[in-house]
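Report on the following structure.
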Amino acid sequence: SQQGEEDPQALSIQEGENATMNCSYKTSINNLQWYRQNSGRGLVHLILIRSNEREKHSGRLRVTLDTSKKSSSLLITASRAADTASYFCATPSNDYKLSFGAGTTVTVRA
Amino acid sequence: DAGITQSPRHKVTETGTPVTLRCHQTENHRYMYWYRQDPGHGLRLIHYSYGVKDTDKGEVSDGYSVSRSKTEDFLLTLESATSSQTSVYFCATLEGYEQYFGPGTRLTVT
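Order-wise, the sequence lines are chains R and U. Mapping of the first sequence onto the working numbering: residues 1 to 110, in sequence order. Mapping of the second sequence onto the working numbering: residues 1001 to 1110, in sequence order.
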């Protein structure tokens, strides 16, 4: 069963704008991960945030985690055409299994 | 794709025929996974393996079986393919908390 759910389902932005997507989950977690999937490809790990962290940065990515609200957000700043992809949050159902949401599809317009 | 290959990449088969998909990894990772990806459902776990000859069911295992006779190979078999098994199938491995994905196999059952 899906633990995480992303919102919105789809997002269209102009190149250079920021893109924000959210993930809500149901049960307590010790970490949350975000993955990217380009069209026709497998998922690629972007970033992991642990339950004791509130914010984490990686290049143009900023991830927040609010364990009290059971939610996370992924912000992509200064978007580029290459950021066009689907983005998934993933939460562990145990130490070696992940549960993925249905994803947010981001389209960056030139 | 972190040394993960899948074969075939595309397959069209008829209802009722058996189908085997292969996943091969070069990273010597212990855990391997088979997912299916369908619109609106994200990734759903079919089966996973935690070592040679050690496998377990995921959330959508009905109609699928797996085998792992070597660390590097994880096979997914559809015993008698049905149209509901038309999907994109992804193999993944685990290192630490991160999963690494193969490029996917697009299977169409007619």
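Glycine included, each C-beta is placed from N, C-alpha and C at the ideal position.
Asked: Own chain residues within Cβ distance below 6 Å of R/ASN31, not counting five before or after; Found: LEU48, ARG50
Asked: Contact between the stretch 1055–1068 of chain U and the stretch 67–84 of chain R (3+ Cβ pairs under 8 Å); Found: no
Asked: R/LYS70: contacting residues in chain U (beta-carbon distance under 9 Å); Found: The contacting residues do not exist; R/LYS70 stays about 18 Å from chain U at best.
Asked: Neighbour list for U/GLU984 in chain R, Cβ cutoff strictly below 8 Å; Found: In the structure as shown, chain U starts at 1001 and stops at 1110, and residue 984 of chain U therefore has no counterpart that could be examined.
Asked: Close Cβ partners of U/GLY1104 (< 7 Å) along its chain, the five nearest in sequence each way excluded; Found: GLN1006, VAL1088, TYR1089, PHE1090
Asked: Residue-chain proximity (U/PRO1018, chain R), Cβ-Cβ < 7 Å; Found: no
Asked: Classification of R/GLU6 by the beta-carbon crowding that lies within 10 angstroms, buried from 16 upward; Found: buried
Asked: Contacting residues, own chain, Cβ-Cβ under 6 Å from U/GLU1095 (five flanking each side not counted); Found: HIS1029
Asked: Check whether R/SER12 and R/THR107 have beta carbons under 7 Å apart; Found: yes
Asked: Beta-carbon proximity list for U/CYS1023, same chain, < 8 Å, skipping 5 on both sides; Found: ILE1004, THR1005, GLN1006, MET1032, TRP1034, ASP1073, PHE1074, LEU1075, LEU1076, CYS1091, GLY1102
Asked: Residue range of the beta strand (DSSP E) that includes R/ASN31; Found: 31–37
Asked: Simplified DSSP assignment, three categories, for R/SER1; Found: Legend: pLDDT at R/SER1 = 48, less than 50; position of this residue unreliable, value from coordinates given subsequently. Looking at R/SER1 - three-state DSSP - the assignment turns out to be coil, as it is neither helix nor strand.
Asked: Neighbour list for R/ALA102 in chain U, Cβ cutoff strictly below 7 Å; Found: GLY1040, HIS1041, GLY1042
Asked: Separation of R/TRP34 from R/GLY59, as counted between CA atoms; Found: 14 Å
Asked: Residue interval of the beta strand (DSSP E) (run including U/GLN1037); Found: 1032–1038
Asked: Reduced DSSP secondary structure (H/G/I, E/B, other) of R/ASP83; Found: helix
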